[in-house]
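Worksheet: one structure, shown below.
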Ligand code: PXP
């Protein structure tokens with residue numbers, strides 16, 4: 689199995705968070721994206737939120753112009769975001785739930801309840817050539833619904849697994865990991881491409897990276913934080929190393 693059978697998408701949202709804290713031009717998320725690309729990222733992920741709290745429309749213009757690796761454009765299922773995605777036609781669009789008051793994307797998308805609406809929403813994106821991914825919890829009903837609406841990819845939300853690890857609740861963590869593993873297998877059996885992400889760190893990445901059905905991990909907040917201490921290039925390289933080791937079955 690070649691190393692990049694497991695792709696790393698580096699999410700650069702929080703470079704923009706730091707920039708926006710002062711409202712100026714630095715740190716520049718486009719520069720971060722280019723560095724991540726050179727350090728081994730297979731793609732760059734950016735979430736244009738409705739409130740533009742981190743990534744801005746200008747950042748998306750800049751990323752589309754500057755990147756040589758694919759852009760994974762995360763967005764809520766709104767008309768405004770659909771128009772922006774159709775204007776740029778990024779390689780991938782990941783549909784995520786969005787609440788104004790949340791600090792981060794707290795849960796997965798409720799696909800099962802919004803099936804018709806979402807099927808109509810993603811059809812033009814697929815027609816435009818974007819690979820559509822749906823960010824969901826490890827729940828068979830959501831996976832089946834994502835499959836029925838015509839998504840090509842699901843991204844499994846690893847936030848609960850990482851939170852349990854951080855809280856030291858290892859029984860809950862391992863139960864969630866088991867659920868993620870089973871759901872990766874289930875989604876793959878339906879013909880869906882399986883990605884995973886949210887909250888992953890050097891400590892939590894290996895077991896998820898070892899799932900054979902998972903072909904992409906999207907990681908942001910931890911890497912941007914780690915970059916403060918060791919620089920973005922070594923931070924990304926270390927994540928790549930841990931992912932590749934887990935994939936080969938090495939104990940990290
Ligand atoms: N995947 C999706 C769909 C996300 O919404 C996010 C957070 O924006 C991530 C992955 C990355 O999560 P984190 O920044 O916690 O690594």
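Residue numbers (my numbering): 689 to 940. Cβ atoms here follow ideal geometry from the backbone N, Cα and C, with glycine treated the same way.
Residue i classed as buried or exposed, judged by whether at least 16 other C-beta atoms fall within 10 angstroms
i, result
"residue 812", "exposed"
"residue 808", "exposed"
"residue 884", "buried"
"residue 722", "buried"
"residue 932", "buried"
"residue 927", "buried"
"residue 689", "Residue placement at residue 689 is flagged as unreliable, the pLDDT there being 37, under the threshold of 50; the coordinate-derived value follows with that caveat. By the 10 Å Cβ count, residue 689 comes out exposed."
"residue 935", "buried"
"residue 887", "buried"
"residue 781", "buried"
"residue 882", "buried"
"residue 821", "buried"
"residue 875", "buried"
"residue 823", "buried"
"residue 854", "exposed"
"residue 801", "exposed"
"residue 697", "buried"
"residue 879", "exposed"
"residue 737", "buried"
"residue 796", "buried"
"residue 794", "exposed"
Residues bridged to residue i [DSSP beta-bridge criterion]
i, result
"residue 843", "823, 883"
"residue 733", "699, 760"
C-alpha gap between residue i and residue j, whole angstroms
i, j, result
"residue 896", "residue 713", "35 Å"
"residue 930", "residue 893", "7 Å"
"residue 845", "residue 711", "31 Å"
"residue 733", "residue 761", "6 Å"
"residue 902", "residue 842", "10 Å"
"residue 701", "residue 763", "12 Å"
"residue 804", "residue 755", "34 Å"
"residue 858", "residue 753", "44 Å"
"residue 856", "residue 750", "40 Å"
"residue 691", "residue 899", "Reliability fails at residue 691, whose pLDDT of 45 lies under 50, so the model's placement of it is uncertain and no value is given."
"residue 851", "residue 872", "19 Å"
"residue 757", "residue 827", "31 Å"
"residue 920", "residue 727", "8 Å"
"residue 706", "residue 831", "35 Å"
"residue 861", "residue 910", "18 Å"
"residue 729", "residue 767", "30 Å"
"residue 869", "residue 915", "29 Å"
"residue 957", "residue 866", "There is simply no residue 957 to check, as the chain begins at 689 and stops at 940 in what is shown."
"residue 725", "residue 777", "20 Å"
"residue 708", "residue 877", "42 Å"
"residue 765", "residue 913", "28 Å"
"residue 849", "residue 891", "12 Å"
"residue 742", "residue 784", "16 Å"
Residue i, enclosing alpha helix (DSSP H) - first and last residue
i, result
"residue 780", "Not the alpha helix (DSSP H): residue 780 falls in the beta strand (DSSP E), residues 780-783."
"residue 725", "717-727"
"residue 795", "Looking at the DSSP string, residue 795 is not in any alpha helix (DSSP H), and its letter there is neither H nor E."
"residue 742", "Unbroken run through residue 742: none, as it is neither H nor E."
"residue 833", "828-836"
"residue 771", "767-776"
"residue 786", "Careful: residue 786 lies outside any alpha helix (DSSP H) and carries neither H nor E."
"residue 807", "803-815"
For this session: For the stretch 859-922, list the beta strand (DSSP E) runs that are entirely contained and at least 3 residues long, ordered along the chain.
Result: For the stretch 859-922, whole beta strand (DSSP E) runs of length 3 or above, ordered along the chain, are 881-885, 902-907.
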